[in-house]
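*Asks:* Here the sequence shown is numbered in the working numbering, starting from 1 and rising by one per residue. Where a beta carbon is used, it is the ideal one built from N, C-alpha and C, also for glycine.
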Amino acid sequence: EERLRAGEEYNDMDLIFATPKGTMLDSGNVTKRVYNPALKAAGLRRIRFHDLRHTCASLLISLGGSPKYIQKQLRHGSIEMTFDRYGHLFPDTNKETSKRVDAALFGGRLALTGVV
Numbered sequence: 001e002e003r004l005r006a007g008e009e010y011n012d013m014d015l016i017f018a019t020p021k022g023t024m025l026d027s028g029n030v031t032k033r034v035y036n037p038a039l040k041a042a043g044l045r046r047i048r049f050h051d052l053r054h055t056c057a058s059l060l061i062s063l064g065g066s067p068k069y070i071q072k073q074l075r076h077g078s079i080e081m082t083f084d085r086y087g088h089l090f091p092d093t094n095k096e097t098s099k100r101v102d103a104a105l106f107g108g109r110l111a112l113t114g115v116v
């Protein structure tokens, strides 16, 4: 509808969310006019829009998402960037991994000796 109303002034930038003329939304405008009022209406405390990104990453990690999938969802250029920022949230699985290697190679004998 908005696209038709804008006519020739519409600038098709292939955006999911755009202004009535097809251009990029101004983040400050969206925050002030839509995001903050939505938080208030929902009875939620005010948080930065970017905090939603960290929440998403934390949820994906806690639900066992693969690091590569999480990297792609966050659009990080490298897995190192993902681990540098969120590595502390990944569970420490060294002991569990050691037990699985022990079981696979030695039938779990090392775990019985207390080495693993």
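Could you check whether A6 and G22 sit closer than 8 Å to each other, using their CB atoms as the reference points?
*Replies:* Within the sequence shown, the letter at position 22 stands for residue 22. Within the sequence shown, the letter at position 6 stands for residue 6. Yes, they are a contact pair.
*Asks:* I need the boundaries of the alpha helix (DSSP H) containing M81, first residue and last residue.
*Replies:* On the sequence shown, residue 81 is found 81 positions in, with the first residue counted as 1. Where M81 is concerned, the enclosing alpha helix (DSSP H) stretches over 79-86.
*Asks:* Are the region 51-65 and the region 19-34 touching, with three or more C-beta to C-beta distances below 8 Å?
*Replies:* Output reads no: the region 19-34 does not touch the region 51-65.
*Asks:* So is Y69 buried or exposed if we call it buried at 16+ other beta carbons inside 10 Å?
*Replies:* Here residue 69 refers to the residue found at position 69 of the sequence shown. So Y69 counts as exposed.
*Asks:* Report all residues from its chain with a CB closer than 8 Å to the CB of N11; omit the five preceding and five following residues, and keep chain order.
*Replies:* On the sequence shown, position 11 is the one that residue 11 refers to. The answer, listed in chain order, is K21, G22, T23.
*Asks:* Assign A57 to buried or exposed, taking buried as 16 or more other Cβ atoms, counted over all protein chains shown, within 10 Å of its Cβ.
*Replies:* Looking up residue 57 in the sequence shown gives position 57. Looking at its Cβ environment, which holds 16 or more other Cβ atoms inside 10 Å, A57 is buried.
*Asks:* To the nearest angstrom, how far is it from the Cα of N74 to the Cα of F17?
*Replies:* What you label residue 74 is simply residue 74 of the sequence shown in a count that begins at 1. What you label residue 17 is simply residue 17 of the sequence shown in a count that begins at 1. With the sequence shown as reference, residue 74 is identified as Leu, and Asn is not the correct amino acid for it. One C-alpha to the other measures close to 18 Å.
*Asks:* Please classify T97 as buried or exposed, where buried requires at least 16 other C-beta atoms within 10 Å of its C-beta.
*Replies:* Counting from one through the sequence shown, the residue named residue 97 turns up at place 97. Answer is exposed; the Cβ neighbour count stays below 16.
*Asks:* For a quick check, are the C-beta atoms of T55 and Q71 less than 8 Å apart?
*Replies:* Residue 55 sits at position 55 when you count from the first residue of the sequence shown. Residue 71 sits at position 71 when you count from the first residue of the sequence shown. No, the Cβ-Cβ distance between T55 and Q71 is not below 8 Å.
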